[in-house]
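Trainee: Note that the working numbering gives residue 261 to position 260 of the sequence shown, counting from 1, and the numbers run on in steps of one. The following block contains the structure, expressed as structure tokens.
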Amino acid sequence: MVGPRQVGKTTLLLQIADDLVDRFGIAPPNVTYFDFSDDRLAVEGVSPRDVVDYAPPGFRQDQPRFFLFDEVSRGARWAQWLKHAVDAHHGRFIVTDSASTLLRQGSRESGVGRWDEYSIEALSMREFLAFQALPGEAPGSTLTRLPQLFERYLSLGGRPEHVLADSLIEARRRIRADTVDRAIGRDLIRYDVDVERVRELFVYLVTDSGAIFDAAARTRLLQRPGASPVDRRSLDKWVALLEETMLIVRLEPFARAATGKLAGRSYPKLYASDHGLVVAFSGIAEPLEDFNVRGRALEAVVFQHLRGCVEHTDLALSYARDKQGTAEVDFVVHDGPGVHALVEVTGGKDPRKKLEQVSAASRDLKARRSIIVHGGLEERREGTVWLAPAPSFLLATSDWIGGA
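Structure, rendered in structure tokens:
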């Protein structure tokens with residue numbers, strides 16, 4: 002299971018351990034949880050073999066053994082060892098990590114046909130509402146009963162530990178600390194990089210979430226008097242590491258040979274993986290009262306929702322921008338050249354201002370459907386375009402894109 006820090010991977014492992022013991026009757030000594038990133042470990046690089054070779058008192062030979070390994074990429078030679086352990090039937094394994102590239106690389110090299118991969122992101126709006134739902138209550142009914150929950154979700158993001166926070170200010174402070182101190186300061190220091198520069202780059206990117214990333218331009222902006230110069234290779238490495246730890250998500254431009262007008266540029270967009278990061282790092286006392294912060298947060302949460310919609314389908318996500326740079330569509334849902342849907346996001350309350358732009362892009366790209374997700378209350382069809390208030394869109398099923 003791969004996912005950024007603080008999205009509930011550890012909690013899920015502990016819940017699985019409880020279920021194995023309470024529901025399935027597995028003896029507690031046969032269930033082993035081990036966190037390879039634990040601060041109490043004397044050195045980094047403890048081998049999974051060391052954990053598996055230890056037989057706890059009370060271990061039962063007549064039952065299978067279950068190993069729940071957290072942040073497994075910190076274990077020495079974990080991928081090769083796990084391959085041999087699975088082949089030798091040493092037990093059943095569930096492993097997690099916050100470094101998606103390491104886990105996926107290990108899977109490609111040693112795990113083909115041996116294990117399955119699952120991604121865990123921050124809570125969707127449906128999942129967020131479930132924390133406040135009455136028994137059997139549908140998400141839409143929960144939101145009708147507690148309409149303030151949408152603003153709370155937009156403000157806090159989807160990290161489970163903050164859903165019921167008493168103080169939004171304290172929750173944001175903790176989000177900043179967890180991200181800077183753990184996800185960046187601690188996780189990335191093992192890569193021999195300038196952690197302070199990476200932190201600076203992360204804050205720069207997350208406060209400008211959804212912007213087109215021009216590496217050459219960003220390299221110039223990161224130069225500081227008296228500091229060592231930032232070269233393009235270092236910048237590319239830092240961005241890749243932020244993607245690897247799933248703090249930043251890349252969105253590539255859409256290109257179709259038959260379409261010249263909206264082929265897009267060669268530069269990607271970079272988004273905060275969780276919209277709560279946009280709000281927490283904004284540096285503003287009331288972030289959602291700022292139109293730009295609100296718009297970036299809304300665009301980030303729509304992107305997260307779309308990633309969930311296309312997961313386990315043949316569909317992909319891109320953005321489109323014309324060659325003149327005057328017209329842009331935030332999200333293109335497509336299966337190669339075929340465009341299923343265009344999605345444009347605005348924090349404003351009047352979606353009609355975007356209508357002409359989206360309609361033109363829809364005609365040019367021959368999109369099957371188009372949606373303008375907005376910050377107002379109006380929900381209706383305007384020709385072939387669905388004007389969708391953000392809460393309605395985030396609670397909609399993925400049928401609108403023709404996905405599963």
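Even glycine gets a Cβ: it sits at the ideal position worked out from N, Cα and C.
According to DSSP, simplified to helix, strand and coil, what is residue 394?
Mentor: Correct three-state label for residue 394: helix.
Trainee: Does the contact criterion of 3 or more C-beta pairs under 8 Å hold for the segment 141 to 159 versus the segment 177 to 184?
Mentor: These segments do not touch.
Trainee: Report the residue from 323, 348, 317 whose alpha carbon sits nearest the alpha carbon of residue 333.
Mentor: For residue 333, the nearest C-alpha among the options comes from 317.
Trainee: Counting only the same chain and skipping the five closest in sequence on each side, list residues whose C-beta sits under 6 Å from that of residue 393.
Mentor: Correct list, in chain order: 380.
Trainee: Between residue 233 and residue 100, what straight-line distance do the alpha-carbon atoms span, to the nearest angstrom?
Mentor: The straight-line gap from Cα to Cα measures roughly 23 Å.
Trainee: Note down the Cα distance separating residue 28 from residue 76, rounded to an integer number of angstroms.
Mentor: Roughly 26 Å between the two C-alpha positions.
Trainee: Please go through the segment 43 to 104 and give each complete beta strand (DSSP E) segment of 3 or more residues, from N-terminal end onward.
Mentor: Listed in chain order, the complete beta strand (DSSP E) runs (minimum 3 residues) inside the segment 43 to 104 are 67 to 71, 93 to 96.
Trainee: Would you give the residue range spanned by the alpha helix (DSSP H) that residue 373 belongs to?
Mentor: Per DSSP, residue 373 belongs to no alpha helix (DSSP H); it is in the beta strand (DSSP E), 370 to 375.
Trainee: Measuring CA to CA, which of 387, 138, 341 is closest to residue 357?
Mentor: When only C-alpha atoms are compared, the closest one is 387.
Trainee: Where does residue 239 fall in DSSP's three states?
Mentor: Note: residue 239 maps to helix in three-state DSSP.
Trainee: In the segment 10 to 39, which residue ranges form an unbroken beta strand (DSSP E) of at least 3 residues, counting only runs that do not cross its ends?
Mentor: As far as the segment 10 to 39 is concerned, its whole beta strand (DSSP E) runs of at least 3 residues are 32 to 36.
Trainee: What are the start and end residues of each continuous alpha helix (DSSP H) run of 4 or more residues lying completely inside the segment 267 to 308, in chain order?
Mentor: Segments of the alpha helix (DSSP H) lying fully in the segment 267 to 308: 276 to 281.
Trainee: Beta-carbon separation of residue 160 and residue 275 under 8 Å?
Mentor: Going by C-beta atoms, residue 160 is nearer than 8 Å to residue 275.
Trainee: Taking the alpha-carbon positions, what's the residue 265 to residue 328 distance?
Mentor: Residue placement at residue 265 cannot be trusted, given a pLDDT of 45 that sits under 50; what the coordinates show is reported in the next sentence. Rounded to the nearest angstrom, the two C-alpha atoms are 10 Å apart.
Trainee: Considering only residues of the same chain and omitting the five flanking positions on each side of residue 298, which have a CB-CB separation below 6 Å?
Mentor: Around residue 298: 155, 276, 279, 280.
Trainee: Might you give, ordered along the chain, the residues of its own chain that have their beta carbon closer than 6 Å to the beta carbon of residue 272, omitting 5 neighbours on each side?
Mentor: So the qualifying residues of the chain are 210, 211, 250, 301, 304.
Trainee: Return the residue from the list 73, 141, 79, 81 that minimises the CA-CA distance to residue 97.
Mentor: Ranking 73, 141, 79, 81 by Cα distance to residue 97 puts 73 first.
Trainee: Going by other Cβ atoms of all chains shown within 10 Å of its Cβ, with 16 needed for buried, is residue 408 buried or exposed?
Mentor: Since the displayed the chain opens at 2 and closes at 405, residue 408 lies outside it and no answer follows.
Trainee: Which residues in the same chain as residue 336 place their Cβ atom closer than 6 Å to its Cβ, once the five residues preceding and following it in sequence are excluded?
Mentor: Answer for residue 336: 315, 316, listed in chain order.
Trainee: Whole angstroms are fine: how far does the CA of residue 196 sit from the CA of residue 307?
Mentor: Each residue's Cα considered, the two are about 31 Å apart.
Trainee: So which of 82, 192, 292 has the shortest CA-CA distance to residue 51?
Mentor: The candidate whose alpha carbon is nearest that of residue 51 is 82.
Trainee: Beta carbon of residue 350, beta carbon of residue 373: below 8 Å?
Mentor: No, Cβ-Cβ distance for residue 350 and residue 373 is not below 8 Å.
Trainee: Mind reading off the beta-carbon distance from residue 57 to residue 30? Whole number of angstroms is fine, and I expect it under 8 Å.
Mentor: Indeed they touch by this definition, with Cβ atoms about 4 Å apart.
Trainee: Any idea if residue 7 is buried or exposed, counting beta-carbon neighbours within 10 angstroms, 16 or more meaning buried?
Mentor: Its Cβ being crowded by 16 or more others within 10 Å, residue 7 is buried.
Trainee: Can you pull the DSSP bridge partners for residue 320?
Mentor: DSSP output for residue 320 lists 254 as bridge partner(s).
Trainee: Going by CA-CA distance only, name the one from 144, 123, 142 that's closest to residue 157.
Mentor: Minimum Cα distance to residue 157 is reached at 123.
Trainee: Exposed or buried, residue 363, counting other C-beta atoms within 10 Å across all chains shown (16 or more means buried)?
Mentor: Label assigned to residue 363: buried.
Trainee: So the candidates are 207, 208, 236; which of them puts its Cα closest to the Cα of residue 220?
Mentor: Selected option, being the one with the closest Cα: 236.
Trainee: Going straight from the alpha carbon of residue 382 to that of residue 134, what length do you get?
Mentor: About 30 Å.
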